[in-house]
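> The structure under discussion is supplied below as C-alpha cells; questions concerning it will follow.
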Amino acid sequence: MSDRNQPALDFLATRLSQPAKMFDDPVPARAELEEILRLALRVPDHGKLEPWRLIVLERADFTRLADLAEARAKELGADPEKIEKGRGQFDRGRLAVAVISSPKASDKIPLAEQVLSAGALCMNLLTVACAAGWGANWLSGWPAHDEVFRARAFGCTADERVAGIVHIATPGRSFPDRPRPDPARVVQWGLG
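Counting from 0, one number per residue, gives the positions in the sequence shown under numbering that gives the first Met the number 0.
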C-alpha cells in the first residue's frame with residue numbers, strides 16, 4: 000500500500016459542483032487551462048485508444064452555440080420554453096470544455112469501455128478544475144443529445160456523442176452540499 004494522501008481525500012469529501020449559471024469572471028488563463036487538461040487526461044483508457052476529443056469553448060463560441068440551439072429548437076417546432084432553455088444554457092457560458100466521446104474501431108476494447116472512458120474524462124476534468132480552485136459544472140442539455148445540433152456545433156460524426164460540457168470559471172456564492180447517497184443503501188458486499 001502506498002502512503003495515504005489525506006489532503007486529496009479531504010478535498011474529495013467536500014468537492015461539489017456549483018451551478019454554471021452562477022459563475023463569474025475571471026476564467027482560467029490558457030496556461031492554467033492547459034494544466035487542467037493535461038491532468039484531466041490521466042484517465043482510464045483501455046488499449047490507449049484515446050476514444051474522446053476535447054473542444055475548448057470560449058465566449059464567442061457560446062454565442063454561436065446559443066444561436067445554433069435556438070435555430071435547432073425552432074426547426075423541431077419546440078415551444079418557447081424549450082427554445083429558451085436550449086439557448087440559455089449557452090448564453091451565460093464563459094469557458095467550458097466539450098468532451099466528445101469518439102469511439103475507435105477495436106476488436107479488443109468494447110464500445111462501453113470507450114464511452115465510459117469519456118465519462119471518466121468529464122469527471123477528471125471537473126475534479127481537477129475544482130482542485131485548482133475554480134468552479135466547475137458538468138452539463139449537457141437537450142441540444143447536446145440532438146444528432147443534428149451536435150453535428151453542426153461540434154462536428155460530431157454519427158458515432159460520436161457529447162459526453163459532457165464542463166464549464167469552468169470563478170465560482171459564485173457558496174451553496175450547501177446536497178444530500179449524498181447512503182453507502183449502506185447502494186453498496187452490496189459480495190454476491191451472496
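Just so you know, even glycine gets a beta-carbon here, dropped at the ideal spot from N, CA and C.
Using DSSP's beta-bridge definition, name the partner residues of T169.
Note: T169 sits in a beta bridge opposite D23.
> Only counting the same chain, and skipping five residues up and downstream in sequence, which positions put a Cβ closer than 7 Å to that of R10?
As written in the sequence, residue 10 is Phe, which differs from the Arg given in the question. Answer for F10: A130, listed in chain order.
> Once DSSP output is grouped into helix, strand and coil, what is the label at R151?
Three-state result, R151: helix.
> Decide if G163 is buried, meaning its Cβ has at least 16 other Cβ atoms within 10 Å, or exposed.
Buried, since its Cβ has 16 or more Cβ neighbours within 10 Å.
> So which of R149, R172, S101, C121 has the shortest CA-CA distance to R37?
Answer by Cα proximity: C121.
> By how many angstroms is the C-alpha of A104 removed from the C-alpha of F174?
Roughly 43 Å between the two C-alpha positions.
> So R93 and V26 are in contact, right, with Cβ under 8 Å, and what is the actual spacing, rounded?
Between V26 and R93 the Cβ distance is about 5 Å, and since that is below 8 Å, they are a contact.
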